[in-house]
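Below is one structure, written out as structure tokens; the observations come after it.
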Amino acid sequence: MGLREAKKERTREALVEAAVRLFEENGYERTTVAQIAAAAQLSTRTFFLHFATKEDVLLANSVPRVELGVAALGERRSGESPARALARAIGAMVADASAKDLPTGLAAARTRLVATEPAVQARLLQRMATAQSALAEALRRAYPDELDPVSAAAVTGAALGAVSAAAVAALREGLPPERVRAAMLGAPAVAAFHLAE
Numbered sequence: 004m005g006l007r008e009a010k011k012e013r014t015r016e017a018l019v020e021a022a023v024r025l026f027e028e029n030g031y032e033r034t035t036v037a038q039i040a041a042a043a044q045l046s047t048r049t050f051f052l053h054f055a056t057k058e059d060v061l062l063a064n065s066v067p068r069v070e071l072g073v074a075a076l077g078e079r080r081s082g083e084s085p086a087r088a089l090a091r092a093i094g095a096m097v098a099d100a101s102a103k104d105l106p107t108g109l110a111a112a113r114t115r116l117v118a119t120e121p122a123v124q125a126r127l128l129q130r131m132a133t134a135q136s137a138l139a140e141a142l143r144r145a146y147p148d149e150l151d152p153v154s155a156a157a158v159t160g161a162a163l164g165a166v167s168a169a170a171v172a173a174l175r176e177g178l179p180p181e182r183v184r185a186a187m188l189g190a191p192a193v194a195a196f197h198l199a200e
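Numbers in the working numbering are just positions in the sequence shown, counted from 1, shifted up by 3.
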């Protein structure tokens, strides 16, 4: 990462940290973009250079995380099944979430707010649908002779749904980051096992 990219990353991290703290202290609705920027010692203009909306702060790492998953699927390994490739891609995405969203409290804040704030819920659902489509298309491209678009979407949706639901449940239970990570990684296999019964 170059100096410019490192500075951008630090700025984004400062905005996210300030937002999570203010959402906790003042509530989501009462926290403004201007307050977030000021708490991070930045201008409102700088905020909007990094995030289009207040909701986007809660999803700060989602786009690069999906890009990690898509890249992992693009690197299909010899003899690797679609399920294994998808598990590897999900593993890369969970590792990223474990490094960035769990220790900072971002994942916990997002989980709390998605249950109470319609704007956060709508933005999260939009991002999830976009992510699922991108990953399903990458999986289908990696396995064009084994998966059609419908099958790729079904497999991807089932796996991502299991990971997301497990993460939310683990965060609501107040589990420590390592247990949240384990729940996310194990969720697709748990779901597949119970569906096969």
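Glycine included, every Cβ here is placed at the ideal spot set by N, Cα and C.
Note that the coordinates shown come from a computational prediction; the quantities given were computed from them, not determined experimentally.
Legend entry - Supposed contact pair Leu138 and Phe26 - C-beta distance, whole angstroms, cut 8 Å: Residue mapping note: residue 26 aligns to position 23 of the sequence shown, counting from 1. Residue mapping note: residue 138 aligns to position 135 of the sequence shown, counting from 1. Incorrect: roughly 28 Å between the Cβ atoms, too far for contact.
Legend entry - Minimum C-alpha distance to Thr56 - residue among Ile39, Ala194 and Asp104: Indexing the sequence shown from 1 puts residue 56 at position 53. It is Ile39.
Legend entry - Proximity winner among Val171, Glu70 and Ala195, relative to Arg184 (alpha-carbon distances): By 1-based counting over the sequence shown, the position of residue 184 is 181. Minimum Cα distance to Arg184 is reached at Val171.
Legend entry - Burial state of Asn64 (16 or more Cβ within 10 Å): Position 61 of the sequence shown, counting from 1, holds the residue named residue 64. Asn64 comes out buried.
Inset, instruction - Classify Leu76 as helix, strand or coil using the three-state DSSP reduction. - result: Walking along the sequence shown from the start, residue 76 turns up at place 73. Looking at Leu76 - three-state DSSP - the assignment turns out to be helix.
Inset, instruction - Compute the Euclidean distance between the alpha carbons of Leu62 and Glu140, then round it to the nearest angstrom. - result: On the sequence shown, position 59 is the one that residue 62 refers to. On the sequence shown, position 137 is the one that residue 140 refers to. Between Leu62 and Glu140, the C-alpha separation is close to 22 Å.
Inset, instruction - Determine the burial state of Asp151: buried for a count of at least 16 other Cβ atoms within 10 Å of its Cβ, exposed for fewer. - result: Walking along the sequence shown from the start, residue 151 turns up at place 148. Asp151 comes out exposed.
Inset, instruction - Just the C-alpha distance for Gly108 and Val158, rounded to the nearest angstrom, thanks. - result: As a working mapping, residue 108 is identified with position 105 in the sequence shown. As a working mapping, residue 158 is identified with position 155 in the sequence shown. In a straight line, the C-alpha of Gly108 is about 30 Å away from that of Val158.
Inset, instruction - Leaving aside the five residues before and after Ser101 along the sequence, list all residues of the same chain whose C-beta is less than 7 Å from its C-beta, in chain order. - result: Numbered from 1 along the sequence shown, position 98 holds the residue referred to as residue 101. Within the same chain, Ser101 has close Cβ partners Pro180 and Arg184.
Legend entry - Sufficient close CB pairs (3 or more, under 8 Å) joining the stretch 12-28 to the stretch 44-54: yes
Legend entry - Alpha carbon of Gly83 to alpha carbon of Val97, nearest angstrom: As a position in the sequence shown, residue 83 is number 80, starting the count at 1. As a position in the sequence shown, residue 97 is number 94, starting the count at 1. One detail in the question is off: residue 83 reads as Glu in this sequence, not Gly. Going from the Cα of Glu83 to the Cα of Val97 covers about 20 Å.
Inset, instruction - Classify Pro179 as helix, strand or coil using the three-state DSSP reduction. - result: Residue 179 sits at position 176 when you count from the first residue of the sequence shown. The answer is coil: DSSP assigns Pro179 none of H, G, I, E or B.
Inset, instruction - Would you mind giving the Cβ-Cβ distance between Gly160 and Gln135, rounded to the nearest angstrom? I have them listed as a contact below 8 Å. - result: Looking up residue 160 in the sequence shown gives position 157. Looking up residue 135 in the sequence shown gives position 132. Right, the Cβ-Cβ distance comes to about 6 Å (below 8 Å), so this counts as a contact.
Legend entry - Segment limits, alpha helix (DSSP H) that includes Phe50: For the purposes of this step, residue 50 is taken as the residue at position 47 of the sequence shown. Per DSSP, Phe50 belongs to the alpha helix (DSSP H) from Thr47 to His53.
Inset, instruction - Between the Cα of Lys11 and those of Tyr146, Val73, Thr35 and Phe50, spot the shortest distance and give me the residue it belongs to. - result: For this step, residue 11 is matched to residue 8 along the sequence shown. Checked all of Tyr146, Val73, Thr35 and Phe50; the closest Cα to Lys11 is Phe50.
Legend entry - Beta-carbon proximity check, Ala132 vs Ala165, cutoff 8 Å: For the purposes of this step, residue 132 is taken as the residue at position 129 of the sequence shown. For the purposes of this step, residue 165 is taken as the residue at position 162 of the sequence shown. No, they are not a contact pair.
Legend entry - Closest residue to Gln124 among Gly5, Arg24 and Tyr31 (Cα-Cα distance): Counted from its first residue, the sequence shown places residue 124 at position 121. Here the closest residue by C-alpha is Tyr31.
Legend entry - Close beta carbons around Ala1, own chain, < 6 Å, minus the five adjacent residues each side: Nothing about residue 1 can be reported from this structure: the residues present for the chain run from 4 to 200 only.
Inset, instruction - With a cut-off of 8 Å on the beta carbons, I'd call Thr114 and Leu174 a contact; round off their distance for me. - result: As a first step, residue 114 is located in the sequence shown; it is residue number 111 there, counting from the start. As a first step, residue 174 is located in the sequence shown; it is residue number 171 there, counting from the start. Yes, they are in contact, since the Cβ atoms of Thr114 and Leu174 sit about 4 Å apart, within 8 Å.
Legend entry - C-beta atoms of Arg79 and Ala9 nearer than 8 Å: Translated into positions along the sequence shown, residue 79 becomes position 76. Translated into positions along the sequence shown, residue 9 becomes position 6. Not a contact, by the Cβ cut-off of 8 Å.
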